[in-house]
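Enquirer:
Number of protein chains: 2
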Amino acid sequence: MNAATDRPLRVALLGCGVVGSEVARLITEQSADLAARIGRPMELAGIAVRRTNLERPGLDPALFTTDAEALVTREDVDLVVEVIGGIEPARGLILAALRAGASVVTANKALLAEDGTTLFAAAEQAGVDLYFEAAVAGAIPIIRPLRESLVGDEITSVMGIVNGTTNYILDKMHREGVGFDDVLAEAQSLGYAEADPTADVEGFDAAAKAAILAGLAFHSRVTAADVHREGITEISPSDIAAAEGMDCTVKALAICRLEDGPNGAQAISVRTHPAMIPNSHPLASVGGAYNAVFVESRNAGRLMFYGPGAGGSPTASAVMGDLVTVARNRVRGAAGPGESTYAQREVVPIGQVSTRYFLSLDVVDQAGVLAEIAGCFADHQVSVQTLRQEISPRADLQGARLVVVTHRADDAALSSTVSALRELPSVHEVLSVMRVEGE
Amino acid sequence: MNAATDRPLRVALLGCGVVGSEVARLITEQSADLAARIGRPMELAGIAVRRTNLERPGLDPALFTTDAEALVTREDVDLVVEVIGGIEPARGLILAALRAGASVVTANKALLAEDGTTLFAAAEQAGVDLYFEAAVAGAIPIIRPLRESLVGDEITSVMGIVNGTTNYILDKMHREGVGFDDVLAEAQSLGYAEADPTADVEGFDAAAKAAILAGLAFHSRVTAADVHREGITEISPSDIAAAEGMDCTVKALAICRLEDGPNGAQAISVRTHPAMIPNSHPLASVGGAYNAVFVESRNAGRLMFYGPGAGGSPTASAVMGDLVTVARNRVRGAAGPGESTYAQREVVPIGQVSTRYFLSLDVVDQAGVLAEIAGCFADHQVSVQTLRQEISPRADLQGARLVVVTHRADDAALSSTVSALRELPSVHEVLSVMRVEGE
Numbered sequence: 001m002n003a004a005t006d007r008p009l010r011v012a013l014l015g016c017g018v019v020g021s022e023v024a025r026l027i028t029e030q031s032a033d034l035a036a037r038i039g040r041p042m043e044l045a046g047i048a049v050r051r052t053n054l055e056r057p058g059l060d061p062a063l064f065t066t067d068a069e070a071l072v073t074r075e076d077v078d079l080v081v082e083v084i085g086g087i088e089p090a091r092g093l094i095l096a097a098l099r100a101g102a103s104v105v106t107a108n109k110a111l112l113a114e115d116g117t118t119l120f121a122a123a124e125q126a127g128v129d130l131y132f133e134a135a136v137a138g139a140i141p142i143i144r145p146l147r148e149s150l151v152g153d154e155i156t157s158v159m160g161i162v163n164g165t166t167n168y169i170l171d172k173m174h175r176e177g178v179g180f181d182d183v184l185a186e187a188q189s190l191g192y193a194e195a196d197p198t199a200d201v202e203g204f205d206a207a208a209k210a211a212i213l214a215g216l217a218f219h220s221r222v223t224a225a226d227v228h229r230e231g232i233t234e235i236s237p238s239d240i241a242a243a244e245g246m247d248c249t250v251k252a253l254a255i256c257r258l259e260d261g262p263n264g265a266q267a268i269s270v271r272t273h274p275a276m277i278p279n280s281h282p283l284a285s286v287g288g289a290y291n292a293v294f295v296e297s298r299n300a301g302r303l304m305f306y307g308p309g310a311g312g313s314p315t316a317s318a319v320m321g322d323l324v325t326v327a328r329n330r331v332r333g334a335a336g337p338g339e340s341t342y343a344q345r346e347v348v349p350i351g352q353v354s355t356r357y358f359l360s361l362d363v364v365d366q367a368g369v370l371a372e373i374a375g376c377f378a379d380h381q382v383s384v385q386t387l388r389q390e391i392s393p394r395a396d397l398q399g400a401r402l403v404v405v406t407h408r409a410d411d412a413a414l415s416s417t418v419s420a421l422r423e424l425p426s427v428h429e430v431l432s433v434m435r436v437e438g439e
Numbered sequence: 001m002n003a004a005t006d007r008p009l010r011v012a013l014l015g016c017g018v019v020g021s022e023v024a025r026l027i028t029e030q031s032a033d034l035a036a037r038i039g040r041p042m043e044l045a046g047i048a049v050r051r052t053n054l055e056r057p058g059l060d061p062a063l064f065t066t067d068a069e070a071l072v073t074r075e076d077v078d079l080v081v082e083v084i085g086g087i088e089p090a091r092g093l094i095l096a097a098l099r100a101g102a103s104v105v106t107a108n109k110a111l112l113a114e115d116g117t118t119l120f121a122a123a124e125q126a127g128v129d130l131y132f133e134a135a136v137a138g139a140i141p142i143i144r145p146l147r148e149s150l151v152g153d154e155i156t157s158v159m160g161i162v163n164g165t166t167n168y169i170l171d172k173m174h175r176e177g178v179g180f181d182d183v184l185a186e187a188q189s190l191g192y193a194e195a196d197p198t199a200d201v202e203g204f205d206a207a208a209k210a211a212i213l214a215g216l217a218f219h220s221r222v223t224a225a226d227v228h229r230e231g232i233t234e235i236s237p238s239d240i241a242a243a244e245g246m247d248c249t250v251k252a253l254a255i256c257r258l259e260d261g262p263n264g265a266q267a268i269s270v271r272t273h274p275a276m277i278p279n280s281h282p283l284a285s286v287g288g289a290y291n292a293v294f295v296e297s298r299n300a301g302r303l304m305f306y307g308p309g310a311g312g313s314p315t316a317s318a319v320m321g322d323l324v325t326v327a328r329n330r331v332r333g334a335a336g337p338g339e340s341t342y343a344q345r346e347v348v349p350i351g352q353v354s355t356r357y358f359l360s361l362d363v364v365d366q367a368g369v370l371a372e373i374a375g376c377f378a379d380h381q382v383s384v385q386t387l388r389q390e391i392s393p394r395a396d397l398q399g400a401r402l403v404v405v406t407h408r409a410d411d412a413a414l415s416s417t418v419s420a421l422r423e424l425p426s427v428h429e430v431l432s433v434m435r436v437e438g439e
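Going line by line, the protein sequences match chains B and D.
Under full-length UniProt numbering, the first residue of the first sequence is numbered 1, with each subsequent residue one higher.
Under full-length UniProt numbering, the first residue of the second sequence is numbered 1, with each subsequent residue one higher.
1) Could you pull out every residue in the same chain whose Cβ sits closer than 6 Å to the Cβ of B:N167, ignoring the five residues on either side in sequence?
2) Are the beta-carbon atoms of B:D239 and B:N279 separated by less than 8 Å?
3) Can you check whether the CB of B:G307 is closer than 8 Å to the CB of B:G438?
4) Look at D:A409 and D:Y357 and say whether their C-beta atoms are less than 8 Å apart.
5) Check the C-beta distance from D:A267 over to D:L213 and give it rounded, since I have them as a contact under 8 Å.
6) Check this for me: beta carbons of D:V319 and D:V19, under 8 Å apart or not?
7) To the nearest angstrom, report how far apart B:L93 and D:S313 are at their CA atoms.
8) Give a yes or no on whether 8 Å exceeds the smallest Cβ distance from B:M320 to chain D.
9) Find out if the Cβ-Cβ distance for the pair B:V326, B:D6 is shorter than 8 Å.
10) Check whether the Cβ of D:T325 lies closer than 8 Å to any Cβ atom in chain B.
11) Which residue's Cα is closest to the Cα of B:R10: B:S21, B:G17 and B:L34?
12) Under 7 Å Cβ to Cβ from B:S317, same chain only, skipping five residues before and after it: list those, please.
13) Please state whether the Cβ-Cβ distance between B:E148 and D:G338 is less than 8 Å.
14) What residues from chain B crowd round D:G116, counting only those whose CB sits closer than 9 Å?
15) Here's the rule: buried if 16 or more other CB atoms are within 10 angstroms of the residue's CB, otherwise exposed. What is B:Q385?
16) Should D:R302 be flagged as near chain B, meaning a C-beta pair shorter than 8 Å?
17) Identify, in the order they occur along the chain, each residue of the same chain with its Cβ nearer than 7 Å to the Cβ of D:E429, setting aside the five sequence neighbours on each side.
18) Quick one, which residues of the region 326-356 of chain B are near chain D if we go by CB-CB under 7 Å, in chain order?
19) For D:H281, collect the residues of the same chain with a Cβ closer than 6 Å to its Cβ; drop the 5 residues on either side in sequence, then sort them by chain order.
20) Between B:A284 and chain D, is any beta-carbon pair separated by less than 8 Å?
21) Within 10 angstroms of the Cβ of B:I235, are there 16 or more other Cβ atoms? Answer buried if so, exposed if not.
22) Measure the C-alpha to C-alpha separation of D:T66 and D:R257 and round it to an integer number of angstroms.
23) Can you give me, in chain order, the residues of the region 129-158 of chain B that have a beta carbon less than 7 Å from any beta carbon in chain D?
24) Assuming the contact rule is C-beta atoms closer than 8 Å, D:D80 and D:L14 should be a hit. Round their C-beta distance to whole Å, please.
25) Would D:V151 pass as a contact of B:R37 if the rule is Cβ separation under 8 Å?
26) Could you run through the region 285-299 of chain B and flag, in chain order, every residue whose CB is less than 7 Å away from some CB of chain D?
27) Assuming D:V353 and D:S269 are in contact, meaning their beta carbons sit under 8 Å apart, how far apart are those beta carbons, in whole angstroms?
28) Run down chain D in chain order and give the residues with a C-beta less than 8 Å from the C-beta of B:A313.
29) Nearest to residue 468 of chain B by CA position, among B:V331, B:A378, B:I391 and B:P349, is which residue?
30) Is it true that the CB of B:V83 sits closer than 8 Å to the CB of B:G17?
31) Please confirm whether D:G261 and D:E346 have their CB atoms less than 8 Å apart.
32) CA-CA distance, D:N2 and D:R40?
33) Rounding to the nearest angstrom, what Cα-Cα distance links B:P57 and B:G311 in this structure?
34) Kindly give me the distance between the Cβ atoms of D:M434 and D:P237, rounded to whole angstroms, as I take these residues to be in contact under 8 Å.
35) So, at 6 Å on beta carbons, what are the nonlocal neighbours of D:L303 in its own chain, with the 5 sequence-adjacent residues on each side left out?
36) Give the interface partners of D:A316 over in chain B, defined as CB-CB distance under 7 Å, in chain order.
Put into structure tokens, the structure is as follows:
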């Protein structure tokens, strides 16, 4: 090897928190293995942080700088790892790095879901890589399978548990029968949920991941704004109990589906919300802080990818896999796959997305009520699959409880039905309305 | 685009059976999507078959030839798909294709496990790709995750259900309590098992896949001859019942593990055999003809990949994913990752591989027997975790049944223990000896 090709590849690291410090450690400790796998040594060029005066054991203090902009555009930097998160300054730094000719590895789901296209265009123009396996489902290889393994197939749906915090909370509500607020408080005290849990429990985190997955699966441009988003804050112990009565589990899901669009064109639906799934479905048994992504395609059939969805080491594993890959690409002189949005499929409004629904309602127990309720569904073009009458556990109402499961119905039709049911004098209360997925 | 870069990439297909005909159909029917994903059109150049006079609906008869050698070395062929299987003529044809400058996609596990190194060396020398996602676990993306997603991590074990036929048979033995021979006969009549089932039920197929997985996971050269192989033909209904009594399931597993080698070096164990796994393990519920691969690594933790392990469409999906990837690599002017065997870890002989064991034996029911049995284990350095005495279901023996689970013990030590137990006058019969994995 001559001096030029033997020169170590140099990595600039943006951020040195839980993930960043782990990445720095792995680059340092695994240097012999990494060199063998890449075909050239790799080393840290610098680490951009907000404060350089913190103790960071095992890392050379000379590596640290607060001038991230200067670091990513340094001439000796070949590869940039961005693990600071958020929109700015991450976007500006990644663009500066790409334009300076560095390949970039990022775990930044929010940024990719908001403005991935600008970043991918900059990477394409510079002939460098932008990799992001760590942005969705932590250590689980899901980006590469969608971008590469399944690229010769037609993916029809992607359904995932992609947020460990909400999965932990729902799991605990199922196992212990306690309410959302109590479980959230406990999760916060244990560090499983943030002090401000909004991004997780309101579905913003899952929506960003859903946008990324949908874009990859359907070769289209999808942003977080395209994703219909419902959080888990309204899930009650009675919803959980109702799901159990149906032999189902409540999961917070990110769902991307190929749909029939207008004029025979293909379209996409993208959403994140809690839903019941049958206990026989592989996603039902994904517990605790684990993530899993279930993919269906025309030829491969049903695939599932399962593993730890968050945490410093798992996320660092995904970052390191990308880092070695983009380093190899650099050694071989060509970038990997770029953004693929040729299909430009439209995102269907949520009102036109159809799923099955579960409803439970307390009604007056008298002749004709059942017919009235059934008629209300029929009036709104919602076809009922099963309607079961139970004795209401609420003694004060002296009424009956109805449990209804519909055939697939448009979201808009179902919403109108629920509004109309709430107006009926014979209906005391609509207790639960939940989508049923995975059948 | 100028004429040169606009020229379609041309594919030679070797074999037109269940998988090949599906690949041919997909290349033809999905041509617009494939062109958009690759960045250049792709088309069939020819299909090599043994007999050209068969009806092959939807495919141009002019594509077919019996001269495979001439086809793969044609100047206009860029990409070769090999789905004929077996060692020769597949090896000669793949080598000829690579040397002629074509990239190759193959599903040929037997050939890769026997002589992958020769093929990878030829690909490296020609600067072209050799991809093989379809060789292990059908449609499940597992090669790419091991070669790329986890390449910045240290994989410590890979444990998979990689043979659908044996999984179907064992699943059926569990569910219906019937014997191996009966289930095999039924599987053959349904087409789930071959007329000559040797490759599946004796573990040759799984051994080839284990060799490929171990080589990738541990960056070492591993061939089928390195794999310790036990089939499932000896599994009896009483083994199945014993597993159920332990809240376990019997699965045919391919297991690749990082081991402590001599002088502090790392070594590898590679084996395929039936084993009990706890029902709580994610692999236990993988039923029917499905495959799944469970991977553990230092940083990512525990990952699982699940999906259809065989069949024309799933295997074709994997082939097509590789075909688009190698076509993209060609358009971008650089090959993807080659063979990585720098670590050169040694394969540990099976006698030195340690696992936990389950044993059941019928013994004479008299004072001192239990101590004698326990002493026999101790004499051979096998530490007993639990020893349970049951009333033997065999009234004729008027004896007791002992169920023993050991701590991790070397295979050699366990074998000596079993031989010694069989010599003891107080032991009527050693009924089951099975490894316990996945804990």
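Cβ atoms here follow ideal geometry from the backbone N, Cα and C, with glycine treated the same way.
Expert: Reading from the atomic positions:
1) Position 167 of the first sequence, counted from the first residue, corresponds to residue 167 of chain B. The beta carbon of B:N167 sits closer than 6 Å to those of I161, all from its chain and outside the five residues before and after it, given in chain order.
2) As a working note, residue 239 of chain B is residue 239 in the first sequence. As a working note, residue 279 of chain B is residue 279 in the first sequence. Going by C-beta atoms, B:D239 is not nearer than 8 Å to B:N279.
3) To locate residue 438 of chain B, count along the first sequence from 1; it is residue 438. To locate residue 307 of chain B, count along the first sequence from 1; it is residue 307. Not a contact, by the Cβ cut-off of 8 Å.
4) The count along the second sequence starts at 1 and reaches residue 409 of chain D at position 409. The count along the second sequence starts at 1 and reaches residue 357 of chain D at position 357. The Cβ-Cβ distance between D:A409 and D:Y357 falls below 8 Å.
5) Position 267 of the second sequence, counted from the first residue, corresponds to residue 267 of chain D. Position 213 of the second sequence, counted from the first residue, corresponds to residue 213 of chain D. Taking C-beta atoms under 8 Å as the contact rule, D:A267 and D:L213 fail to qualify, at a distance of about 16 Å.
6) Taking the second sequence and counting its residues from 1, one reaches residue 319 of chain D at position 319. Taking the second sequence and counting its residues from 1, one reaches residue 19 of chain D at position 19. Cβ atoms of D:V319 and D:V19: closer than 8 Å.
7) Along the first sequence, one-based indexing puts residue 93 of chain B at 93. Along the second sequence, one-based indexing puts residue 313 of chain D at 313. Cα to Cα, the separation comes out at about 44 Å.
8) The residue labelled residue 320 of chain B in the question sits at position 320 within the first sequence. It does: the Cβ of B:M320 has a partner Cβ on chain D nearer than 8 Å.
9) Residue mapping note: residue 326 of chain B aligns to position 326 of the first sequence, counting from 1. Residue mapping note: residue 6 of chain B aligns to position 6 of the first sequence, counting from 1. Taking 8 Å as the Cβ cut-off, B:V326 and B:D6 do not qualify as a contacting pair.
10) Here residue 325 of chain D refers to the residue found at position 325 when the second sequence is read from its first residue. Yes - at least one Cβ of chain B is within 8 Å of the one on D:T325.
11) As a first step, residue 10 of chain B is located in the first sequence; it is residue number 10 there, counting from the start. Cα-wise, what sits closest to B:R10 is B:L34.
12) In the first sequence, the residue the question calls residue 317 of chain B occupies position 317. Within the same chain, Cβ atoms closer than 7 Å to the Cβ of B:S317 are found at A139, the five residues on either side in sequence being excluded.
13) On the first sequence, position 148 is the one that residue 148 of chain B refers to. On the second sequence, position 338 is the one that residue 338 of chain D refers to. No.
14) Numbered from 1 along the second sequence, position 116 holds the residue referred to as residue 116 of chain D. Those do not exist, as D:G116 stays about 18 Å from chain B at its closest Cβ, beyond 9 Å.
15) In the first sequence, residue 385 of chain B corresponds to position 385, counting from 1. Answer is exposed; the Cβ neighbour count stays below 16.
16) For this step, residue 302 of chain D is matched to residue 302 along the second sequence. With 8 Å as the cut-off, D:R302 counts as an interface residue toward chain B.
17) Position 429 of the second sequence holds residue 429 of chain D. L361 and D362, listed in sequence order.
18) R328, R332, G333, A334, A335, P337, S340 and Y342
19) Residue mapping note: residue 281 of chain D aligns to position 281 of the second sequence, counting from 1. Within the same chain, D:H281 has close Cβ partners G438.
20) Reading the first sequence from its first residue, position 284 is the one you call residue 284 of chain B. In terms of beta-carbon proximity, B:A284 stays away from the interface with chain D, with every pair separated by 8 Å or more.
21) Walking along the first sequence from the start, residue 235 of chain B turns up at place 235. The residue in question, B:I235, is buried, as its Cβ has 16 or more Cβ neighbours within 10 Å.
22) Locating residue 66 of chain D in the second sequence gives position 66, counting from the first residue. Locating residue 257 of chain D in the second sequence gives position 257, counting from the first residue. Cα to Cα, the separation comes out at about 43 Å.
23) Here the close residues are E133, A139, I140, P141, R144, P145, E148, S149, L150, V151, G152 and D153.
24) Start at 1 with the first residue of the second sequence, and residue 80 of chain D comes out as number 80. Start at 1 with the first residue of the second sequence, and residue 14 of chain D comes out as number 14. Sequence check: residue 80 of chain D is Val here, not Asp. Indeed they touch by this definition, with Cβ atoms about 7 Å apart.
25) To locate residue 151 of chain D, count along the second sequence from 1; it is residue 151. To locate residue 37 of chain B, count along the first sequence from 1; it is residue 37. Going by C-beta atoms, D:V151 is nearer than 8 Å to B:R37.
26) S297 and N299
27) Counting from one through the second sequence, the residue named residue 353 of chain D turns up at place 353. Counting from one through the second sequence, the residue named residue 269 of chain D turns up at place 269. Indeed they touch by this definition, with Cβ atoms about 4 Å apart.
28) Position 313 of the first sequence, counted from the first residue, corresponds to residue 313 of chain B. Per the sequence shown, residue 313 of chain B should be read as Ser rather than Ala. Those are R298, N299, A300 and G301, listed as they occur along chain D.
29) This structure does not reach residue 468 of chain B, given that chain B is present from 1 up to 439, and the question cannot be answered.
30) Reading the first sequence from its first residue, position 17 is the one you call residue 17 of chain B. Reading the first sequence from its first residue, position 83 is the one you call residue 83 of chain B. Yes, Cβ-Cβ distance for B:G17 and B:V83 is below 8 Å.
31) For this step, residue 261 of chain D is matched to residue 261 along the second sequence. For this step, residue 346 of chain D is matched to residue 346 along the second sequence. Taking 8 Å as the Cβ cut-off, D:G261 and D:E346 qualify as a contacting pair.
32) By 1-based counting over the second sequence, the position of residue 2 of chain D is 2. By 1-based counting over the second sequence, the position of residue 40 of chain D is 40. Here D:N2 scores only 37 on pLDDT, less than 50, and its place in the model should not be relied on; the value that follows carries that caveat. Going by the C-alpha atoms only, they are around 12 Å apart.
33) Taking the first residue of the first sequence as 1, we reach residue 57 of chain B at position 57. Taking the first residue of the first sequence as 1, we reach residue 311 of chain B at position 311. If I take the Cα positions, the gap works out to 20 Å.
34) Reading the second sequence from its first residue, position 434 is the one you call residue 434 of chain D. Reading the second sequence from its first residue, position 237 is the one you call residue 237 of chain D. With 8 Å as the limit, D:M434 and D:P237 do not qualify as a contact, their Cβ atoms being about 13 Å apart.
35) For the purposes of this step, residue 303 of chain D is identified with residue 303 of the second sequence, where counting begins at 1. Only V295 meet the Cβ criterion.
36) Mapped onto the second sequence, residue 316 of chain D falls at position 316. What D:A316 touches in chain B: N299.
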